[in-house]
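If you read the sequence shown in the working numbering, its first letter stands for residue 365, the second for the next number, and so on. Beta carbons are placed, not taken as given, at the ideal position from N, Cα and C, and that holds for glycine. Bear in mind that the values here come from a model prediction, so they are computed numbers and not experimental data.
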Amino acid sequence: LYVNNPPGVSAESRRRMLDGLRQLHEHQFASTPDAEIAARIANYEMAYRMQASVPEATDFSDEPQHVLDRYGPDAKDAGSFAANCLLARRLAERGVRFIQLYHQGWDHHGGLKGGLKRQCQETDQPAAALVQDLADRGMLDETLVVWGGEFGRTNYCQGLYRPGADFGRDHHPRCFTSWMAGGGIKPGVSWGETCDYGYNVASDGVHVHDFHATLLHLLGIDHERLTYKFQGRRYRLTDVHGHVVDGILA
365 LYVNNPPGVS AESRRRMLDG LRQLHEHQFA STPDAEIAAR IANYEMAYRM
415 QASVPEATDF SDEPQHVLDR YGPDAKDAGS FAANCLLARR LAERGVRFIQ
465 LYHQGWDHHG GLKGGLKRQC QETDQPAAAL VQDLADRGML DETLVVWGGE
515 FGRTNYCQGL YRPGADFGRD HHPRCFTSWM AGGGIKPGVS WGETCDYGYN
565 VASDGVHVHD FHATLLHLLG IDHERLTYKF QGRRYRLTDV HGHVVDGILA
């Protein structure tokens, strides 16, 4: 996260630099008491407080071994999905309101057999651990966990399916799956169906506008009233046809 001092810069010298910067800010504001200067100083100070809190949040040394074991063998490897899931829980505990995790390597146009297995090994246990950890700490009911991507993969082979071939699966935007937990979501519910071939939506499809409307509803926001003005007209994030998917709500 680039929060450590570079080589040759000590905490003491960094402190002197910040103290000098604060004096310059105060001097400028005293000579020119402007609201914009005060706002800029407040923003800088907030950024500093945020950065200063990061080392403690990213230090896993206070985590019990059984918690680390729950997230898997990669839990202490910085940058791994397991470590990021554990970090997400720690950030949520500290009041961070929006946390986003990325995990790359899902574009399996080739190398599907070994690639997908590796991706699942890296993500399945930590993702489940995060949900369970939040539940055990009484945080899941007020924390919405969303797992998803921008499209799915074809249910048929891309490339030749034969021994030794480098086959995979192509992009497939017609239907795919996301999962959600906590934050007002009804547990144990599966919503929507595909055709028998798994190529098209057969029933209860959720458009991206429906997905956004549902997320906003769970966050306590009426998506029909949340608008912004652009080029003379008002727009909604959910356009004019987004609907809350009531069937998945607790």
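Label residue i either buried or exposed according to how many other C-beta atoms from any shown protein chain fall within 10 Å of its C-beta, with 16 as the threshold for buried.
i    : result
L385 : exposed
G532 : buried
M410 : exposed
F445 : buried
A403 : exposed
A577 : buried
H430 : exposed
Q468 : exposed
P437 : exposed
For residue i, which three-state DSSP category applies?
i    : result
I463 : coil
L613 : strand
G523 : coil
R386 : helix
I405 : helix
A416 : helix
H473 : coil
Pull up the DSSP beta-bridge partners for residue i, would you.
i    : result
F594 : R597
E557 : S567
If I'm right that residue i touches residue j with Cβ under 8 angstroms, what's the distance once you round it to whole angstroms?
i    : j    : result
W511 : W470 : The pair is not a contact, with the Cβ atoms about 12 angstroms apart (cut-off 8 angstroms).
C539 : G516 : 6 angstroms
R458 : A421 : 6 angstroms
L582 : G547 : 5 angstroms
H607 : D574 : 5 angstroms
Less than 7 angstroms between the CB of residue i and some heavy atom of the ligand MG, yes or no?
i    : result
C521 : The model depicted lacks the ligand MG and carries no ligand whatsoever.
Checking 8 angstroms against the spacing of the C-beta atoms, do residue i and residue j come in under that value?
i    : j    : result
G474 : D530 : yes
L465 : F424 : no
W555 : V609 : yes
K550 : L613 : yes
A545 : V570 : no
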